[in-house]
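Asks: Quick one: structure below, then a few questions.
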Amino acid sequence: LQVANALLQEEIAQRKRAEEEIRALARFPSENPHPVLRLDSQGRILFANAAGIPLLRQWGGTVGGQAPAPWPAAVRDALANQSGTTTELACEDRTYAVFVVPISEAEYVNLYMTDITDRVRAEASLRESREDLAHAQAVAHIGSWRLNLRRNELSWSEENWQIFGVAKGTALTYETFLGAVHPADRDYVHEKWSAALQGAPYDIEHRIVADGVVKWVRERAELEFDSDGNLLGGFGTTQDITARKEAEAALQQLNTELEQRVSDRTAALAQAVQTLERQAAQLRSLTGELTRAEQRERRRLADVLHDELQQLLVATRLRAHMLGRTEDAATRQASQEIVELMEEALAATRSLTGELSPPALQNGSLLPALEWLARWIREKHHLTVHLTPPAVPLPRVPGDTAILLYQAIRECLLNTVKYARVDAADVTVTRDTEGLTLTISDAGVGFDPRNLRVAGGTEGGFGLLGIRERLELVGGRLEIASAPREGSRFVLTVPLPVVPAEGMAPRPPVAPRGEVQRASPAAPRLRVLVVDDRALVRRGFATLLAGEPDLTVVGEAANGQMAIELTRQLAPDVILMDISMPVLNGIEATRTIHAEFAGIRVIGLSMFEEPEQPEAMRQAGAVGYLSKNDSVEALLAAIRGGGAPVA
1 LQVANALLQE EIAQRKRAEE EIRALARFPS ENPHPVLRLD SQGRILFANA AGIPLLRQWG
61 GTVGGQAPAP WPAAVRDALA NQSGTTTELA CEDRTYAVFV VPISEAEYVN LYMTDITDRV
121 RAEASLRESR EDLAHAQAVA HIGSWRLNLR RNELSWSEEN WQIFGVAKGT ALTYETFLGA
181 VHPADRDYVH EKWSAALQGA PYDIEHRIVA DGVVKWVRER AELEFDSDGN LLGGFGTTQD
241 ITARKEAEAA LQQLNTELEQ RVSDRTAALA QAVQTLERQA AQLRSLTGEL TRAEQRERRR
301 LADVLHDELQ QLLVATRLRA HMLGRTEDAA TRQASQEIVE LMEEALAATR SLTGELSPPA
361 LQNGSLLPAL EWLARWIREK HHLTVHLTPP AVPLPRVPGD TAILLYQAIR ECLLNTVKYA
421 RVDAADVTVT RDTEGLTLTI SDAGVGFDPR NLRVAGGTEG GFGLLGIRER LELVGGRLEI
481 ASAPREGSRF VLTVPLPVVP AEGMAPRPPV APRGEVQRAS PAAPRLRVLV VDDRALVRRG
541 FATLLAGEPD LTVVGEAANG QMAIELTRQL APDVILMDIS MPVLNGIEAT RTIHAEFAGI
601 RVIGLSMFEE PEQPEAMRQA GAVGYLSKND SVEALLAAIR GGGAPVA
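Residues 1 to 647 in the working numbering are what the sequence shown lists, from first letter to last.
Laid out in structure tokens, this is it:
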């Protein structure tokens, strides 16, 4: 409507300009670009300029001829009334405004015409737009209103009358409008309208009562103010949103019912989930306890082998070696045979100990345990395992998870040994934000994963499906990709908590560096301190060393803490340091002793031969490392300083 009003005002302005042009050209009709005709009181055509010729053709006349009706009557009326008139006339495809101007003294009239075709078309378009707007408002149930304070006019569209149920033609006032508003909403509407008069936006929804029926409407308005903030007028719309509000109410009711149903169902599901989670937690707990119980039993047996049988075998080997120090050849031969048998027995028990419970796994370190497993698989089953560690430091793996992963990888590798018919396999360890992933792959004969047994596995294992079930109980998974003649690939994934990275245990406080008081240069013997938690082994080493003319055993210690205290008291030259001991292990004891007495040579001893232990002793400050299974000659050479240093 605003656009149409603007067009109409422009046309009116053009019409005024045309009238002024006509007055300016009235004195020179022949020069007027618009049609100009002159008719006398009888309706005869006295004159027509060039622009008027098309009109003469349309009339079928010429200058001097008679003008068609109703022009003669119009001329007489104009002369009689001595006043001009205005009318419209169509010529060909154009429309003209005709100004009838009487010239009384000459008894004729001039017809001045101006082309108003564009205005007529605009007016027709405007009428059509208004009709379309009225129809659209009726269809959309949207009415409109216009306020003009300069003219003191308030107009409503047809649909606005229909929405409010007010008889058309009723005097429109603010009170009329407010009286149609629902009583419960009047204060709200009045407050919003008052705010709009101060410049606030006006876009509200409220109820009205039309013909006794409650309706919902949405009202929007844009008010116009002058530069001083005075209201000039405004334009607004009223939309009947009753159907929408009823639909919203129905939808809200439905949502409420659905929410209640969902709430009831959710509560039931939550209870079921809690029950399942409780059962899953119990299963995880039982699985963890089963794994821990199995590992405890394995470790108990390994401890028995290590702490009892192996120590007895070491002590027996040392005794047998002592018996060989005789002049009797038969006794020496028997002693050597006993020593060799003891060494074979030690090797067998050491291998069995590692199979039962790898030493690295006892410390909670997964990677060293996998390195030990790779060596054991190669030595026992002739399968070369290429182990690829992660590119980033591996966090410390919780004990139960480390044991489960170790057993799972062992099971997969033993499957490779038994079925793949290859001599090599790959184990890759990767770490990402989701946790830890271990991939075991080979290029063997492969298999169809659908043929996996439901239970059971290799000897000492629990089967691939058993691996999958146990991993799922701790939040992990096992993915198997294999096909006949296409190799196999096992991917184990477990989530890991955020825990410190694998590393050394915290160091004990280091005492201030001191001076070791050496024996006088005249003393030829090396002073040796023997440290081992097994008394029988300590006595065996002490007895063996006592028979050497250049060695003196100055003391014995049963753990690392005692070794530190005796070192401070006795200042030995050499310390034979067992690694696995209670209270304080040999690695930490060596670290403390080396920090205080850098000149004392520490030689590490252990029943195990894993490469990580010599490295740990070297970092702690040891100069040598021997297995208790090494020969007596190697031990004596290391004490005297001629043995190989720590690798």
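Virtual Cβ for every residue (Gly too), placed ideally from N, Cα, C.
#1: According to DSSP, is L232 helix, strand or coil?
#2: By the three-class DSSP mapping on this structure, what secondary structure does G466 have?
#3: Where in the segment 154-189 do unbroken runs of the alpha helix (DSSP H), each at least 4 residues long, occur, reported from the N-terminal end onward?
#4: Using 10 angstroms around the beta-carbon of V262, count the other beta-carbons present and answer buried if the total reaches 16, otherwise exposed.
#5: Let me confirm a value: E633 is counted as buried when at least 16 other C-beta atoms fall within 10 Å, else exposed. Which label applies?
#6: Return the chain-ordered list of same chain residues with a C-beta closer than 8 Å to the C-beta of L383, the five sequence neighbours on each side being excluded.
#7: Taking C-alpha atoms, which residue in L312, L56, E371 and Q333 lies nearest to F342?
#8: Measuring straight from C-alpha to C-alpha, what distance separates Y419 and A267?
#9: Could you tell me whether the Cβ atoms of H206 and D187 are closer together than 8 Å?
#10: Going by CA-CA distance only, name the one from A347, R534, L367 and E128 that's closest to A391.
#11: Check the C-beta distance from I564 over to A595 and give it rounded, since I have them as a contact under 8 Å.
#12: Assign S661 to buried or exposed, taking buried as 16 or more other Cβ atoms, counted over all protein chains shown, within 10 Å of its Cβ.
#13: On the DSSP bridge list, what partners appear for Q239?
#14: Could you check the C-alpha separation between E219 and L258 for me, to the nearest Å?
#15: Which of the three DSSP states is assigned to R431 in this structure?
#16: Look up T114 in the DSSP assignment and say whether it is helix, strand or coil.
#17: Just mark L438 as buried or exposed, buried being the case when its beta carbon has 16 or more other beta carbons within 10 Å.
#18: Can you give me the C-alpha to C-alpha distance between P393 and D550, rounded to a whole angstrom?
#19: Between which two residues does the beta strand (DSSP E) containing G604 stretch?
#20: So does the segment 111-120 actually touch the segment 217-236, counting three or more Cβ pairs closer than 8 Å?
#21: Taking the Cβ atom as the reference point for each residue, do L626 and L636 lie within a distance shorter than 8 Å?
#22: In angstroms with no decimal places, state the Cα-to-Cα distance between D405 and P395.
#23: Given a cut-off of 8 Å, decide if R431 and L373 are closer than it, judged by their beta-carbon atoms.
#24: Is V214 closer than 8 Å to H182 when the C-beta atoms are compared?
#25: Which of the three DSSP states is assigned to G641 in this structure?
#26: Reducing DSSP to helix, strand and coil, say where E479 ends up.
#27: Have a look at F225 and Q198 and give me their C-alpha separation to the nearest angstrom.
#28: For A347 versus N629, is the C-beta spacing smaller than 8 Å?
#29: Determine, using beta carbons only, whether V574 and A557 come nearer to each other than 8 Å.
#30: Helix, strand or coil for R485, going by three-state DSSP, please let me know.
#31: Counting C-beta neighbours from all protein chains within 10 Å, is the total for N230 16 or more, i.e. buried, or is it exposed?
#32: Distance check for P389 and G444, CA to CA, integer angstroms please.
#33: At the level of alpha carbons, what is the spacing between G604 and S488?
#34: If you reduce the DSSP assignment to three classes, tell me which class A90 lands in.
#35: If you draw a straight line from the alpha carbon of R640 to that of A334, how long is it in whole angstroms?
#36: Between A61 and the rest of its own chain, which residues show a CB-CB distance below 7 Å, the 5 nearest in sequence each way excluded?
Replies: Taking the geometry as given:
#1: Residue numbering aside, residue 232 sits at position 232 when the sequence shown is read from its first letter. Note: L232 maps to strand in three-state DSSP.
#2: What you label residue 466 is simply residue 466 of the sequence shown in a count that begins at 1. Reduced to three states, the DSSP call for G466 is helix.
#3: 158-164 and 174-180
#4: In the sequence shown, the residue the question calls residue 262 occupies position 262. It counts as exposed.
#5: Within the sequence shown, the letter at position 633 stands for residue 633. Answer is exposed; the Cβ neighbour count stays below 16.
#6: If you number the sequence shown from 1, residue 383 lands on position 383. Result list for L383: I377, L413, T416, V417, V422, D423, A424 and A425, in chain order.
#7: Position 342 of the sequence shown holds residue 342. Inspection of the sequence shows that residue 342 is occupied by Met rather than by Phe. If we check each option's Cα against that of M342, L312 comes out closest.
#8: Taking the first residue of the sequence shown as position 1, residue 419 is located at position 419. Taking the first residue of the sequence shown as position 1, residue 267 is located at position 267. One C-alpha to the other measures close to 50 Å.
#9: Taking the sequence shown and counting its residues from 1, the one referred to as residue 206 is at position 206. Taking the sequence shown and counting its residues from 1, the one referred to as residue 187 is at position 187. Taking 8 Å as the Cβ cut-off, H206 and D187 do not qualify as a contacting pair.
#10: Indexing the sequence shown from 1 puts residue 391 at position 391. When each option's Cα is compared against that of A391, the closest is L367.
#11: Position 564 of the sequence shown, counted from the start, is the residue given in the question as residue 564. Position 595 of the sequence shown, counted from the start, is the residue given in the question as residue 595. Going by Cβ atoms, the distance from I564 to A595 rounds to 10 Å, so no, they are not a contact pair.
#12: The structure shown does not extend to residue 661, since the chain spans only 1 to 647, so no value can be given for it.
#13: Working through the sequence shown from its first residue, we reach residue 239 at position 239. Partner(s): I142 and R218.
#14: In the sequence shown, the residue the question calls residue 219 occupies position 219. In the sequence shown, the residue the question calls residue 258 occupies position 258. Each residue's Cα considered, the two are about 32 Å apart.
#15: Reading the sequence shown from its first residue, position 431 is the one you call residue 431. It is a strand residue.
#16: On the sequence shown, position 114 is the one that residue 114 refers to. Strand, per DSSP.
#17: For the purposes of this step, residue 438 is taken as the residue at position 438 of the sequence shown. The residue is buried, with at least 16 neighbouring Cβ atoms inside 10 Å.
#18: Residue numbering aside, residue 393 sits at position 393 when the sequence shown is read from its first letter. Residue numbering aside, residue 550 sits at position 550 when the sequence shown is read from its first letter. Those two C-alpha atoms are separated by around 47 Å.
#19: Within the sequence shown, numbered from 1, the residue matching residue 604 stands at position 604. That run of the beta strand (DSSP E) goes R601 to S606.
#20: no
#21: Residue 626 sits at position 626 when you count from the first residue of the sequence shown. Residue 636 sits at position 636 when you count from the first residue of the sequence shown. For L626 and L636, no; Cβs fall outside 8 Å.
#22: Locating residue 405 in the sequence shown gives position 405, where the first residue counts as 1. Locating residue 395 in the sequence shown gives position 395, where the first residue counts as 1. Per the sequence shown, the amino acid found at residue 405 is Leu instead of Asp. Whole-angstrom Cα-Cα distance: 14 Å.
#23: Mapped onto the sequence shown, residue 373 falls at position 373. Mapped onto the sequence shown, residue 431 falls at position 431. Taking 8 Å as the Cβ cut-off, L373 and R431 do not qualify as a contacting pair.
#24: Here residue 182 is taken as the residue at index 182 of the sequence shown, counted from 1. Here residue 214 is taken as the residue at index 214 of the sequence shown, counted from 1. Yes; because the gap between Cβ atoms is below 8 Å, this pair is in contact.
#25: As a working mapping, residue 641 is identified with position 641 in the sequence shown. G641: coil per DSSP, three-state reduction.
#26: Position 479 of the sequence shown, counted from the start, is the residue given in the question as residue 479. Strand.
#27: The residue you call residue 225 lines up with position 225 of the sequence shown. The residue you call residue 198 lines up with position 198 of the sequence shown. Straight-line Cα distance between these residues: approximately 10 Å.
#28: Your numbering for residue 347 matches position 347 in the sequence shown. Your numbering for residue 629 matches position 629 in the sequence shown. Yes, the Cβ-Cβ distance between A347 and N629 is below 8 Å.
#29: Numbered from 1 along the sequence shown, position 574 holds the residue referred to as residue 574. Numbered from 1 along the sequence shown, position 557 holds the residue referred to as residue 557. No.
#30: In the sequence shown, the residue the question calls residue 485 occupies position 485. Reduced to three states, the DSSP call for R485 is coil.
#31: For the purposes of this step, residue 230 is taken as residue 230 along the sequence shown, with counting starting at 1. Exposed is the call here.
#32: Looking up residue 444 in the sequence shown gives position 444. Looking up residue 389 in the sequence shown gives position 389. Whole-angstrom Cα-Cα distance: 23 Å.
#33: Within the sequence shown, numbered from 1, the residue matching residue 604 stands at position 604. Within the sequence shown, numbered from 1, the residue matching residue 488 stands at position 488. Between G604 and S488, the C-alpha separation is close to 42 Å.
#34: On the sequence shown, position 90 is the one that residue 90 refers to. Strand at A90.
#35: On the sequence shown, position 640 is the one that residue 640 refers to. On the sequence shown, position 334 is the one that residue 334 refers to. Approximately 28 Å, taken between the alpha carbons.
#36: For the purposes of this step, residue 61 is taken as residue 61 along the sequence shown, with counting starting at 1. First, the residue type needs correcting, since residue 61 is Gly and not Ala in the sequence shown. Excluding positions up to five away in sequence, the list reads I45 and A67.
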